[in-house]
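Structure record follows, encoded as structure tokens.
Numbering (my numbering), first residue to last: 767 to 968.
Right, dumping it as structure tokens:
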């Protein structure tokens, strides 16, 4: 049995990244019917931004946490339980002002935790979330994978960096870009992405 964690974050109800990400999840489960999907919809269930109590508690060793500090980390613990339980992770992200939606950034802030998802050693940082496949489904109005706008792409570049830091290095990118150039361009971009989804699940 394969366990899939599907994380969506686009503020748009008719979201290209969400549509393609759900199609990928369905394709993966059709390949292995016993698979389970956990959906973390960051738009319908937004996470509060981290605060001072969380920032302080995350730096305290687990055996030294007070009841109040444990409460501050409870949401992070729940998100990390989902993350560690998953075999495959699908993250859908729209590009917002050259980066990712703020709700997805909040999610990253909750899962990047010292001694839980990463450690520092004499050799430098070591990610502790290992052996998982990640699919990034990113949508953007323009073309940022190449050409003059590539330098403004802080979307999948940031996600790759943050995820690799905690040990998630096996990342496959599915891009839906140029959707702002009109309905035909949007349809073409979505169809190209869905074709890649089919090839992945084949």
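Glycine residues also receive a C-beta, built at the ideal position from the N, C-alpha and C atoms.
Note that the coordinates shown come from a computational prediction; the quantities given were computed from them, not determined experimentally.
If you ignore the 5 residues before and after residue 790, its C-beta comes within less than 8 Å of the C-beta of 856, 901, 903, 940, 963, 966 and 967, all in its own chain and listed in chain order. Put simply, of 804, 961, 897 and 925 the residue whose alpha carbon is nearest the alpha carbon of residue 936 is 897. For the set 832, 853 and 824, the Cα lying nearest the Cα of residue 843 is the one of 824. In this structure, the straight-line span from the alpha carbon of residue 768 to that of residue 928 is close to 24 Å. Under the three-state reduction of DSSP, residue 938 is assigned to strand. At the C-beta level, residue 858 and residue 822 stay beyond 9 Å of one another.
Minimum Cα-Cα distance from residue 801 among the listed residues 830, 851 and 828 corresponds to 851. The secondary-structure analysis by DSSP pairs residue 893 across a beta bridge with 884. Judged by beta-carbon spacing, residue 810 lies beyond the 9 Å limit of residue 771, meaning their Cβ atoms are not closer than that value. Taking C-alpha positions only, residue 880 is separated from residue 832 by approximately 17 Å.
Under the 10 Å beta carbon count, residue 815 is surrounded by fewer than 16 other beta carbons and is classified as exposed.
According to the DSSP assignment, residue 783 belongs to no beta strand (DSSP E) but to the alpha helix (DSSP H) extending over 782-797.
In this structure, the beta-carbon distance from residue 943 to residue 909 falls below 9 Å.
Of the candidates 867, 780 and 785, 785 places its Cα closest to the Cα of residue 959.
The beta carbon of residue 779 lies closer than 8 Å to none in the same chain, with the five residues before and after it left out. In this chain, residue 852 is not harboured by any beta strand (DSSP E), its DSSP state being neither H nor E. Residue range 868-877 is occupied by the alpha helix (DSSP H) that includes residue 875, with no beta strand (DSSP E) assigned at that position. Taking the Cα positions, residue 918 is about 43 Å away from residue 829.
In this chain, the alpha helix (DSSP H) harbouring residue 951 covers 949-967. Beyond the five residues adjoining it in sequence on each side, residue 911 comes within less than 7 Å, by CB distance, of 941 and 943 in the same chain, given in chain order.
Under DSSP, residue 769 forms a beta bridge with 802.
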